[in-house]
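Below is one structure, written out as structure tokens; comments come after it.
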Amino acid sequence: METILVLAHVEADGTLGRPAREAIAAARAVREGLAGSSLVVGLAGAGAGAAAPQTASCGAARWLAVEGPEFGEPRYATDAAAAQALAEAASAGLVIAASTSRWARTLAGVAQRLGGRVDTHVTGVAAAQGKVAVSRWFYRQRMEAEIERAQRPWFILVDPGCFQPWAGEPGPVAVERVAASGSSRTRFVEYREPVSGEQTIRPDAELLFVAGAGWTKKQPDGKTHTEQAGALILDFLRKSRASLGSSKSLVDLGSEGHAVLPFLTHMNQVGQTGSTPRHPKGLATCCHGEEPHVVGWRFVNERRAVNLDPNCGWAQGKADVLYVADAFTVMAKVDELLG
Amino acid sequence: MQSFHIVVCGSIVPDPLQTLEPVVNSPVPSLKNEMMLPAVLDPWAAHALYEAANLARQRPGSKVWLVSLGPKAKLQQVMMTVAQKAPFELVALDGPSGGFTDASETAAALAEAIQGIAGLDRSRLLLFGGWESASRGAGATMQMTGERLGITDQFQGVDELEVTESGALRILERVEGGRHQLSECEGPPVVLGWATGNLPEPPNNPQVGMANMRMVMPALQRAKPAKAGADGLTYRSVKVPSQRRETRVVKDVPAEEIARELVAWIRNG
Ligand SMILES: Cc1cc2nc3c(=O)[nH]c(=O)nc-3n(C[C@H](O)[C@H](O)[C@H](O)COP(=O)(O)OP(=O)(O)OC[C@H]3O[C@@H](n4cnc5c(N)ncnc54)[C@H](O)[C@@H]3O)c2cc1C
Numbered sequence: 001m002e003t004i005l006v007l008a009h010v011e012a013d014g015t016l017g018r019p020a021r022e023a024i025a026a027a028r029a030v031r032e033g034l035a036g037s038s039l040v041v042g043l044a045g046a047g048a049g050a051a052a053p054q055t056a057s058c059g060a061a062r063w064l065a066v067e068g069p070e071f072g073e074p075r076y077a078t079d080a081a082a083a084q085a086l087a088e089a090a091s092a093g094l095v096i097a098a099s100t101s102r103w104a105r106t107l108a109g110v111a112q113r114l115g116g117r118v119d120t121h122v123t124g125v126a127a128a129q130g131k132v133a134v135s136r137w138f139y140r141q142r143m144e145a146e147i148e149r150a151q152r153p154w155f156i157l158v159d160p161g162c163f164q165p166w167a168g169e170p171g172p173v174a175v176e177r178v179a180a181s182g183s184s185r186t187r188f189v190e191y192r193e194p195v196s197g198e199q200t201i202r203p204d205a206e207l208l209f210v211a212g213a214g215w216t217k218k219q220p221d222g223k224t225h226t227e228q229a230g231a232l233i234l235d236f237l238r239k240s241r242a243s244l245g246s247s248k249s250l251v252d253l254g255s256e257g258h259a260v261l262p263f264l265t266h267m268n269q270v271g272q273t274g275s276t277p278r279h280p281k282g283l284a285t286c287c288h289g290e291e292p293h294v295v296g297w298r299f300v301n302e303r304r305a306v307n308l309d310p311n312c313g314w315a316q317g318k319a320d321v322l323y324v325a326d327a328f329t330v331m332a333k334v335d336e337l338l339g
Numbered sequence: 001m002q003s004f005h006i007v008v009c010g011s012i013v014p015d016p017l018q019t020l021e022p023v024v025n026s027p028v029p030s031l032k033n034e035m036m037l038p039a040v041l042d043p044w045a046a047h048a049l050y051e052a053a054n055l056a057r058q059r060p061g062s063k064v065w066l067v068s069l070g071p072k073a074k075l076q077q078v079m080m081t082v083a084q085k086a087p088f089e090l091v092a093l094d095g096p097s098g099g100f101t102d103a104s105e106t107a108a109a110l111a112e113a114i115q116g117i118a119g120l121d122r123s124r125l126l127l128f129g130g131w132e133s134a135s136r137g138a139g140a141t142m143q144m145t146g147e148r149l150g151i152t153d154q155f156q157g158v159d160e161l162e163v164t165e166s167g168a169l170r171i172l173e174r175v176e177g178g179r180h181q182l183s184e185c186e187g188p189p190v191v192l193g194w195a196t197g198n199l200p201e202p203p204n205n206p207q208v209g210m211a212n213m214r215m216v217m218p219a220l221q222r223a224k225p226a227k228a229g230a231d232g233l234t235y236r237s238v239k240v241p242s243q244r245r246e247t248r249v250v251k252d253v254p255a256e257e258i259a260r261e262l263v264a265w266i267r268n269g
């Protein structure tokens, strides 16, 4: 018999974000597979208690809240104190939370404090015959393992986008307030938008558009056309609302002081030392499709590429379609058609 | 001017250009030919090391240690290159560096090694590492190591650290949607799990290499065996997905036609 605590932060507007509702879905799946287990909702944030009714019909037996303006600030000390207090108050064996930047920064530390263990970037959970197992990837998405753990509490951080978010009717609930230390030597100052002021990373976009170093290389006329490349890409992003990814080579050119697309940063980098975004479709342009890049495409289902080289990596079973063509000409036409 | 004691935790991982295959014939899985695969310093930890060296250079009186848990022979190979990049003192632990060991056990070994560093001033301590490894990729080890050392100001996905005139630390961390979060901490001790930062990889500097190697070889000889396994963790399966697709190669087709096909695909799937 396991007590499953689902941990969530309350957003600044008082709602529970999509990742939190995905974590609730994961917790419910575990509870359904474990006879006799019970679900507890643990909320943290400025108005945590007031948000609890949103989860009234999720099947929880208890609602706990660590509340106060100091818990609205995203920082380790107070987030860890809140999570620890909630896990202790629930006597939780399993603690499930979304892998948001706040929980990802904190919950391994809390697991350590409580003598437990943690698994992060979990992409699936399975519970049957009294046992829980989770799936996660190792070596930057090169291999997937299914694992069980004997230790408790076991903290499980589920990656956003892996579960259908839970939705249900709100209703009255009895909220138990839990005390936690709100002191910290750190204060949150502000969020910063990308330097260019151009929002290019859109996790919810249908399409990932990847730009490779080819956009800045000498073209058949013997010249580079970086400005034109920037204009074509930005025009495409604005019209298609795609999220912008990049190869490492392209972003590195920027930090080495070469002329590069001004709206790109390391945050856009996809791959081994970049991100592994989730989008239904991906289009790679002027990118060679080398393995350290393509491991970042693990969760992109449909893949197409435009490259001058018919033997580039994408042709080796990494893309569904490779268009052997000049990306400058193709993207100019695409932009035109998108109007 | 304030100076720091910067401890960088960084291990080694297989070169990302290598093909990796899991072997599941013991409780803790491993990689096929793991000891033969060429290794590199874990990339995000490498960024942490470059940032540490850069900060130490600007703050006279600062010192950098690199604490590394890995098979001694492989550590030695990797250190031949890493030692040329930045001045540091190596604290080596001889044990497994594979991704299938548990973060909590690695953290226990690292924390113990850090506690054993002679002359380390905890009131000036900046504990650096990569925010995630290229092996386990969990982002858990640094948090757990920090907790074991009682450090409760922790930051992950760090791209920038600035020390203000009053000695406060201003830190930029990656958060959702391509944004950064700016926080200010009163001062050390802190844990910083670095993302890419802002510095390019430093060129090899043979003089730095010579100076480092005088310390690196004895450190490797002194390396204590460290147990880092995966107690209580059961691997039901480890699989490499079948990732090969049937690629349709479209050649000698006018750009206009390709563009039309792409737009149709973007619009309706
Ligand atoms: C430790 C380590 C970590 C790494 N991590 C990452 C990572 O996270 N992400 C990553 O991306 N890489 C990573 N790499 C680097 C990776 O191995 C490749 O070097 C990199 O992805 C290459 O980038 P690219 O394809 O943009 O550039 P290039 O290899 O230079 O390819 C440019 C491509 O553009 C094409 N091209 C040029 N002009 C045109 C045109 N007009 N139209 C169409 N095509 C054109 C060329 O044919 C070529 O294929 C890593 C490497 C190491 C060693």
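Line by line, the protein sequences give chains A and B. The working numbering numbers the first residue of the first sequence as 1 and each following residue consecutively. The working numbering numbers the first residue of the second sequence as 1 and each following residue consecutively. For every residue, glycine included, the Cβ atom is placed at its ideal position computed from N, Cα and C.
First and last residue of the uninterrupted beta strand (DSSP E) at Thr3 of chain A: Thr3 to His9 is the extent of the beta strand (DSSP E) around Thr3 of chain A.
Where the region 153–175 of chain B meets chain A: residues whose CB sits under 8 Å from a CB there: For the region 153–175 of chain B, the set of positions with a beta-carbon nearer than 8 Å to some beta-carbon of chain A reads Asp153, Gln154, Phe155, Gln156, Gly157, Asp159, Arg170, Leu172, Glu173, Arg174 and Val175 in chain order.
Does any residue of chain A have a CB that is nearer than 8 Å to the CB of Lys239 of chain B? yes
Same chain, Cβ closer than 8 Å to Lys239 of chain A, five either side skipped, listed in chain order: Asp335, Leu338 and Gly339
Taking CB distances under 8 Å as the criterion, tell me whether Gly317 of chain A reaches chain B. yes
Verify the contact flag: His121 of chain A, CB atom, against every heavy atom of ligand 1, threshold strictly below 7 Å. no
Please report the distance separating the alpha-carbon of Met35 of chain B from that of Gly232 of chain B. Approximately 25 Å, taken between the alpha carbons.
For Ser246 of chain A, is the classification buried or exposed, using 16 other Cβ atoms within 10 angstroms of its Cβ as the cut-off for buried? buried
Could you name the residues of chain B that Val334 of chain A contacts, counting a contact when the two beta carbons are closer than 7 Å? Ala259, Leu262 and Val263
Quick one: what does DSSP say Thr123 of chain A is sitting in, helix, strand or coil? strand
C-alpha gap between Gly59 of chain A and Leu39 of chain A, whole angstroms: 7 Å
Near Thr100 of chain A, which residues of its chain fall below 6 Å by C-beta distance, leaving aside the five closest residues on each side in sequence? Pro19
What span of residues does the alpha helix (DSSP H) with His293 of chain A cover, start to end? Glu291 to Val294
Any chance the region 88–97 of chain B sits against the region 127–137 of chain A, with 3 or more Cβ pairs inside 8 Å? no
Taking only beta-carbon positions, decide if Glu147 of chain B is within less than 8 Å of chain A. Residue contact check for Glu147 of chain B against chain A: a CB pair falls below 8 Å.
Cβ neighbours of Cys185 of chain B in the same chain (closer than 7 Å, five flanking residues each side left out): Asp153, Ala168, Leu169 and Ile171
Is there contact between the region 297–305 of chain A and the region 212–224 of chain B, where contact requires at least three CB pairs shorter than 8 Å? no
Taking C-beta to C-beta, are Leu41 of chain B and Gly10 of chain B nearer than 8 Å? yes
On the CB-based measure, 16 or more other CB atoms within 10 Å of its CB, does Met1 of chain A come out buried or exposed? By the neighbour-count criterion, in which 16 or more other beta carbons inside 10 Å mark a residue as buried, Met1 of chain A falls on the exposed side.
Exposed unless 16 or more other CB atoms sit within 10 angstroms - verdict on Thr276 of chain A: buried
With a threshold of 8 Å, are at least 3 pairs of Cβ atoms found where one atom belongs to the region 171–179 of chain A and the other to the region 286–293 of chain A? no
How about Arg152 of chain A and Gly116 of chain A: are their beta carbons less than 8 Å apart? yes
Just the Cα atoms here: how many angstroms apart are Glu198 of chain A and Ala242 of chain A? 13 Å
Of all the options B:Thr141, B:Ala109 and B:Pro203, which has the alpha carbon lying nearest to the alpha carbon of Glu256 of chain A? For the set B:Thr141, B:Ala109 and B:Pro203, the Cα lying nearest the Cα of Glu256 of chain A is the one of B:Pro203.
Can you list the residues of chain B that Ala127 of chain A reaches, using a CB-CB cut of under 8 Å? Contact of Ala127 of chain A with chain B by beta-carbon distance below 8 Å is absent, the smallest such distance being about 13 Å.
Going along the region 188–204 of chain A in order, which residues come within less than 8 Å of chain B, judged by CB to CB distance? Phe188, Val189, Glu190, Tyr191, Arg192, Glu193, Pro194, Gln199, Thr200, Ile201, Arg202 and Pro203
Per DSSP, which residues does Arg248 of chain B bridge with? Please list them. As computed with DSSP, Arg248 of chain B is found in a beta bridge with A:Val321.
Using a threshold of 7 Å, is the CB atom of Val10 of chain A nearer than that to any non-hydrogen atom of ligand 1? no
Quick one: list the residues of chain A neighbouring Met144 of chain B, beta-carbon separation under 7 Å, in chain order. Ala108, Gly109 and Gln112
Integer Cβ distance of Ile24 of chain A from Thr55 of chain A, believed to fall under 8 Å: 7 Å
Contact set for Pro172 of chain A: own chain, Cβ-Cβ below 8 Å, skip 5 residues either direction: Pro53 and Ala56
Quick check: is the beta carbon of Arg124 of chain B nearer than 8 Å to any beta carbon in chain A? no
In the DSSP output, what is Met143 of chain A paired with across the bridge? A:Phe138
What is the residue span of the beta strand (DSSP E) that Pro14 of chain B lies within? That run of the beta strand (DSSP E) goes Ile12 to Pro14.
Taking the beta carbon of Arg244 of chain B as the centre, do at least 16 other beta carbons fall within 10 Å, making it buried, or is it exposed? The residue is exposed, with fewer than 16 neighbouring Cβ atoms inside 10 Å.
Could you check if Gln207 of chain B is buried or exposed, using at least 16 other CB atoms within 10 Å of its CB as the buried criterion? exposed
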